[in-house]
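Heads up, the sequence shown is in this note's numbering, so the first residue is 7 and it goes up one at a time.
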Amino acid sequence: MPALSASAPGKIILFGEHSVVYQQPAIAVPVMEVKAIAIASPAIGKPSNTVQVIAPDIEINSTLKTLPLDHAISMAIDLTLKELGISDYPAFNLRISSTIPLAAGLGSGASVSVAIIRVVSNFLGQTLSDEVVSQLAYEVEKIHHGTPSGIDNSVVTFAQPVYFIKDRLLETFPIGKPFTIVIGDTGIKSSTAVSVGDVRKAWQADQKVYEDFFESCGTIAKKAREHIENGEIKKLGPLMDENHALLQKMNVSSKELDTLVLASRDAGAWGAKLSGGGRGGNMIALVDEDSSENVADALMNTGAVQTIITKVGN
Ligand code: MEV
7 MPALSASAPG
17 KIILFGEHSV
27 VYQQPAIAVP
37 VMEVKAIAIA
47 SPAIGKPSNT
57 VQVIAPDIEI
67 NSTLKTLPLD
77 HAISMAIDLT
87 LKELGISDYP
97 AFNLRISSTI
107 PLAAGLGSGA
117 SVSVAIIRVV
127 SNFLGQTLSD
137 EVVSQLAYEV
147 EKIHHGTPSG
157 IDNSVVTFAQ
167 PVYFIKDRLL
177 ETFPIGKPFT
187 IVIGDTGIKS
197 STAVSVGDVR
207 KAWQADQKVY
217 EDFFESCGTI
227 AKKAREHIEN
237 GEIKKLGPLM
247 DENHALLQKM
257 NVSSKELDTL
267 VLASRDAGAW
277 GAKLSGGGRG
287 GNMIALVDED
297 SSENVADALM
307 NTGAVQTIIT
317 KVGN
């Protein structure tokens with residue numbers, strides 16, 4: 007049995023984080039510059055039904071049996087074995103690594119799950135469809151993120167721009183004209199489960215106000231899709247600004263995110279917003295390709311710990 011590898015990209019949410027949990031549409035795109043990789047190889051001489059999990063980034067080097075059952079890695083492996091109907095398998099090593107910043111809104115958790123599910127199923131000789139891979143990764147997300155919408159596992163599995171409405175069939179859509187996004191990392195780790203939980207509490211306390219916020223975000227995502235399809239890229243800038251203002255009202259931005267958003271606009275971005283769960287993690291700025299380096303420098307000069315320049319629709 008040869009060693010096999012599988013990978014999945016990172017992601018950004020262009021429009022509609024948080025409101026997507028409440029059935030409003032959102033748009034997400036893959037970020038191919040970063041990825042999670044899982045490699046499976048035979049563990050010669052080890053007893054069958056043994057998986058040695060090696061994930062140096064998070065200091066794991068132990069057998070599957072000794073990992074907690076609710077650990078995201080154990081869950082991804084166990085769900086895959088269950089889906090394949092396999093209880094007896096040759097021993098293998100599973101090495102996991104990722105260049106996607108952790109707890110930063112770039113889809114690291116979903117991407118690691120997808121890479122694991124793909125490589126384990128391929129290694130055991132059964133390829134799962136993207137639909138099934140995404141569904142299994144969603145099961146892992148549900149345990150680790152409370153009430154996820156399913157957008158993260160969808161966009162990283164299909165590695166295509168998605169127009170996503172929770173519990174509906176996934177839609178991909180054409181990009182009229184490629185465009186450039188600068189991603190700026192505040193360096194502050196932030197739990198999506200906590201920010202999603204806090205928005206839920208705030209919504210429960212004031213349903214009318216929050217439903218208005220969610221609907222406004224949904225309207226922005228619908229308009230954004232039209233502009234993206236028509237190649238009217240500059241028009242996305244003000245929509246990003248509006249979406250960020252709504253996220254601020256939902257109390258999921260932070261001083262550091264706001265500082266980077268303002269700095270990118272001052273450096274010439276057409277629009278900017280936080281991306282993902284918020285409270286830390288990453289923000290995104292829509293830029294003219296020629297000014298992308300300037301905007302990235304401005305972000306680094308105002309406290310970003312890392313920037314990524316990515317092209318959507320390439
Ligand atoms: C996280 O990438 C996006 C959120 O909307 C949560 C979710 O959709 O599951 C904050």
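We put the CB at the ideal spot given by N, CA and C, even for glycine.
What you are looking at is a predicted structure, and each value in this text was computed from that prediction instead of being measured.
Quick check on the burial criterion: 16 or more other C-beta atoms within 10 angstroms. Buried or exposed for residue i?
{"i": "Asp76", "result": "exposed"}
{"i": "Gly224", "result": "buried"}
{"i": "Thr192", "result": "buried"}
{"i": "Met38", "result": "exposed"}
{"i": "Leu175", "result": "exposed"}
{"i": "Ser259", "result": "buried"}
{"i": "Leu70", "result": "buried"}
{"i": "Asn249", "result": "buried"}
{"i": "Leu108", "result": "exposed"}
{"i": "Glu295", "result": "exposed"}
{"i": "Val40", "result": "buried"}
{"i": "Ser140", "result": "buried"}
{"i": "Thr133", "result": "exposed"}
{"i": "Ala310", "result": "buried"}
{"i": "Asp158", "result": "buried"}
{"i": "Val215", "result": "exposed"}
{"i": "Ser135", "result": "exposed"}
{"i": "Ala211", "result": "exposed"}
In terms of DSSP beta bridges, what is residue i paired with?
{"i": "Lys17", "result": "Pro36"}
{"i": "Tyr169", "result": "Ile33 and Glu177"}
{"i": "Thr186", "result": "Val293 and Lys317"}
{"i": "Gly277", "result": "Leu292"}
{"i": "Ala44", "result": "Ala12 and Ile102"}
{"i": "Thr69", "result": "Gln58"}
{"i": "Asp191", "result": "Asn288 and Gln312"}
Flag this pair as yes or no: are the beta carbons of residue i and residue j separated by less than 8 Å?
{"i": "Gly282", "j": "Glu23", "result": "yes"}
{"i": "Val161", "j": "Ala46", "result": "no"}
{"i": "Ser196", "j": "Arg271", "result": "no"}
{"i": "Lys279", "j": "Val267", "result": "yes"}
{"i": "Ala82", "j": "Ala49", "result": "no"}
{"i": "Asn289", "j": "Gly190", "result": "This sequence places Met at residue 289; Asn is not what is there. Closer than 8 Å, so yes."}
{"i": "Ser103", "j": "Pro62", "result": "yes"}
{"i": "Ala273", "j": "Asn300", "result": "yes"}
{"i": "Val293", "j": "Val188", "result": "yes"}
{"i": "Ser93", "j": "Ala42", "result": "no"}
{"i": "Ile122", "j": "Ala44", "result": "yes"}
{"i": "Ala78", "j": "Val125", "result": "no"}
{"i": "Ile315", "j": "Ala304", "result": "no"}
{"i": "Ser80", "j": "Leu90", "result": "no"}
{"i": "Ile237", "j": "Trp276", "result": "Rather than Ile, the amino acid found at residue 237 in this sequence is Gly. Cβ distance not < 8 Å, so Gly237 and Trp276 don't count as in contact."}
{"i": "Thr163", "j": "Ala291", "result": "no"}
{"i": "Thr178", "j": "Lys317", "result": "no"}
{"i": "Ile226", "j": "Gly287", "result": "no"}
{"i": "Thr308", "j": "Thr265", "result": "yes"}
{"i": "Ser222", "j": "Leu263", "result": "no"}
{"i": "Phe219", "j": "Ser25", "result": "yes"}
{"i": "Lys229", "j": "Leu245", "result": "yes"}
{"i": "Ile60", "j": "Leu100", "result": "yes"}
Using a Cβ-based criterion (distance less than 7 Å to any ligand heavy atom), does residue i qualify as near the ligand SAM?
{"i": "Val27", "result": "Ligands present in the displayed structure are limited to the ligand MEV, and the ligand SAM is not among them."}
* Does the region 110-119 touch the region 9-18, meaning 3 or more C-beta pairs lie closer than 8 Å? -> In the pairwise beta carbon analysis, the region 9-18 is classified as touching the region 110-119: at least three pairs are separated by under 8 Å.
Report task. Specify whether the region 165-173 and the region 19-39 touch according to this definition: at least 3 beta carbon pairs, one from each stretch, less than 8 Å apart. Result -> Enough Cβ pairs lie closer than 8 Å, so yes.
Exercise. For the region 107-170, which segments carrying the alpha helix (DSSP H) assignment without a break, of at least 4 residues, lie completely within its bounds, in sequence order?
Worked result: The qualifying runs are 114-129, 136-151 and 157-164.
Cβ contact (3+ pairs, closer than 8 Å) linking the region 143-154 and the region 197-217:
Yes, they touch.
Exercise. Please determine if the region 225-234 and the region 175-186 are in contact, where contact requires at least 3 C-beta pairs separated by less than 8 Å.
Key: With the cut-off at 8 Å, the region 225-234 and the region 175-186 touch.
Task: In chain order, each alpha helix (DSSP H) run of at least 4 residues that lies wholly inside the region 198-262 - done: You should have 198-211, 213-236 and 242-255.
Could you check whether the region 51-61 touches the region 8-15, counting it as contact only if at least three pairs of C-beta atoms, one from each stretch, sit closer than 8 Å? In short, these stretches do not touch, since the Cβ pair count stays below three.
If you pair each beta-carbon of the region 203-214 with each one of the region 128-148, do three or more pairs fall below 8 Å?
-> With a cut-off of 8 Å, the region 128-148 and the region 203-214 do not count as touching, because too few Cβ pairs lie within range.
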